[in-house]
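A.B. asks: The numbers in UniProt numbering rise by one with no breaks, and the one at position 9 of the sequence shown is 9.
Positions of the beta carbon are idealized from the N, C-alpha and C atoms, including for glycine.
All values reported here derive from a predicted model rather than from experimental measurement.
This structure is in C-alpha cells; I'll ask about it shortly.
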Amino acid sequence: MLHFDAKTTDEACTFDLTPLIDIIFILLLFFILAAAFAVRGLSLDLPHAQSSQALSGRVVELHLLADGTFVIDGVPTPREEVRMRIQNLVRHFRTNPGLLVLKAAPAAPVESLIFLVDEVRLQGGEKLHIGTASPTSAHEKP
C-alpha cells in the first residue's frame, strides 16, 4: 500500500522566481532593441548599374523628381491624376505593346516611389523597368 507523508512545511510550497525574472528581462531587452531598430531608417547610395542595356520599341518614361512630383510621358502629372494616366497607358499597351521605364531622382522620396510602383501594379502593368545611368554618364555633368 502507498504511504503518503502529510508534510505541510513552508519549504515544500515555495516557488523559485529567478527563472521567471530572467525571462521577463530577456523579453524586455528584446522589445527595447526591436523598437530601436524599427524607428531608424537606412541611408543608401546605390551604385550605378554595370549591366544596363538600351531599350528599343515604344518606351514611356515615368519620372519621379527630387521634390516628389511626377512627369509621365513628358507631361507633369499631379498625384491625383497618376492612376488615370497609368491606366490609360496600360490599356494602350494591350493593343500597341510598349515598356514602362521608371526614372527616379536620387533624392526622390521613397514614399512617392512606392506610390508609383503600386499604381503601376494596381493598373495591371506587367513589367516596370528601372532606368539607370551608366557609370560613364554618371560622372558627366549636364
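#1: Could you check whether Leu-100 and His-63 sit closer than 8 Å to each other, using their CB atoms as the reference points?
#2: How about Val-120: is its Cβ closer than 7 Å to a heavy atom in the ligand MN?
#3: Tell me whether Arg-58 sits in a helix, a strand or coil according to DSSP, three-state version.
#4: Do you know offhand how far Arg-94's Cα is from Gln-87's?
#5: Would you give the residue range spanned by the beta strand (DSSP E) that Thr-77 belongs to?
#6: Can you say whether Phe-25 is buried or exposed, counting buried as having 16 or more other CB atoms within 10 angstroms of its CB?
C.D. replies: To lay it out plainly:
#1: Taking 8 Å as the Cβ cut-off, His-63 and Leu-100 do not qualify as a contacting pair.
#2: Questions concerning the ligand MN fall outside what the structure shown contains, since it holds no ligand whatsoever.
#3: If DSSP states are grouped into helix, strand and coil, Arg-58 belongs with coil.
#4: Put simply, the backbone Cα of Arg-94 is about 11 Å away from that of Gln-87.
#5: The continuous beta strand (DSSP E) containing Thr-77 extends over residues 75 to 77.
#6: Exposed: under 16 other Cβ atoms inside 10 Å.
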